[in-house]
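Undergrad: Take a look at this one; I'll ask things after.
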Amino acid sequence: MRIFIDTGSVAEVEEVAAWGVLAGATTNPSLLAKEEGDPGQAIQRICALLAGPVSAEVVSADVAGMVREGRALRTLSEHVVVKVPFCAAGLQATRELSADGHPVNMTLVFSPTQALLAAQAGASYVSCFMGRLDDISVDSSEVLGGIVATLRPGGVTAQVLAASIRHPEHVVVAARLGCEVATIPGPVLRQMLEHPLTAAGTERFTADWQSRPELGAWLDGLVAGAPVAA
Ligand code: E4P
């Protein structure tokens, strides 16, 4: 499963991109509205940092507006994926945009039947919101599993994208269910780094090594004599 970052913050993408684990990003109007500055520049900077798919969402409610905004968003970068909310107009806009070669992430998908329609309209990604399902006491793993199981036998190319991730367990569930992508907020990605045994183990290794100073001197010498990477 590929990992995207779910954010409108260039600084957050810069921080996490350095880990070498990100394949793309998703933004949405709420995330971009939290940030200062020009949203177009932020999207372009995120595209440049990741050189992978970066979803940017249309906000019009009618087909013509969605298509117009989608085409305009695509001028920002070849990496932009047009994010279109699920509804009848969104399906029609997805069909038009995808027929013109613009990749679409159909968002706000909460059921296998919606996912089927999104895939048939030509969406490249179908975004199912786990956290928002759990918020209304609907088991997100059931729904997400249903979406994966429903799309797979049909041979559709749409990738299932797990969104609205609230904690690391959502990520594990999405991967186990066979989602192609999970888009994860920065705080959850940072949580995924942590384990008390990792911290304790690192502390123990450091202390044991430092208890023998000659070992440190040996390693320093080895490093000094090693060829410098190009
Ligand atoms: C991503 O594509 C979605 O817009 C995002 O994950 C929604 O997350 P939220 O439910 O935490 O707002």
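The sequence shown begins at 11 in our numbering and counts up one residue at a time.
Cβ coordinates follow ideal geometry from the N, Cα and C atoms, glycine included.
Owing to the predicted nature of the structure, the values given are computational and were not obtained by experimental measurement.
#1: Find out if the Cβ-Cβ distance for the pair residue 94, residue 68 is shorter than 8 angstroms.
#2: Short of 8 angstroms in beta carbon distance, which residues of its chain neighbour residue 80, apart from the five on each side in sequence? Order them along the chain.
#3: Does DSSP classify residue 96 as helix, strand or coil?
#4: For residue 51, count neighbouring C-beta atoms within 10 Å of its own C-beta (all shown protein chains included) and say buried if the count is 16 or more, exposed if not.
#5: Determine, using beta carbons only, whether residue 59 and residue 27 come nearer to each other than 8 angstroms.
#6: With a threshold of 16 other CB atoms inside 10 Å of the CB of residue 237, please say whether the residue is buried or exposed.
#7: Rounded to the nearest angstrom, what separates residue 194 and residue 41 at their Cα positions?
#8: In the DSSP assignment, find the alpha helix (DSSP H) that holds residue 157 and state where it starts and stops.
#9: Below 8 angstroms between beta carbons: does that hold for residue 12 and residue 33?
TA: Considering the structure as presented:
#1: Within the sequence shown, residue 94 is the residue found at index 84, counting from 1. Within the sequence shown, residue 68 is the residue found at index 58, counting from 1. Result yes, Cβ atoms of residue 94 and residue 68 sit closer than 8 angstroms.
#2: Sequence index remark: in the sequence shown, residue 80 carries index 70 (1-based). Around residue 80: 68, 92, 94, 103, 107, 112, 114.
#3: Position 86 of the sequence shown, counted from the first residue, corresponds to residue 96. Note: residue 96 maps to coil in three-state DSSP.
#4: As a first step, residue 51 is located in the sequence shown; it is residue number 41 there, counting from the start. Residue 51 comes out exposed.
#5: Along the sequence shown, read from residue 1 onward, the residue named residue 59 stands at position 49. Along the sequence shown, read from residue 1 onward, the residue named residue 27 stands at position 17. Yes, these two residues count as a Cβ contact at 8 angstroms.
#6: Residue numbering aside, residue 237 sits at position 227 when the sequence shown is read from its first letter. It counts as exposed.
#7: As a working mapping, residue 194 is identified with position 184 in the sequence shown. As a working mapping, residue 41 is identified with position 31 in the sequence shown. Cα to Cα, residue 194 sits roughly 13 angstroms from residue 41.
#8: Looking up residue 157 in the sequence shown gives position 147. Residues 150-161.
#9: Indexing the sequence shown from 1 puts residue 12 at position 2. Indexing the sequence shown from 1 puts residue 33 at position 23. Going by C-beta atoms, residue 12 is nearer than 8 angstroms to residue 33.
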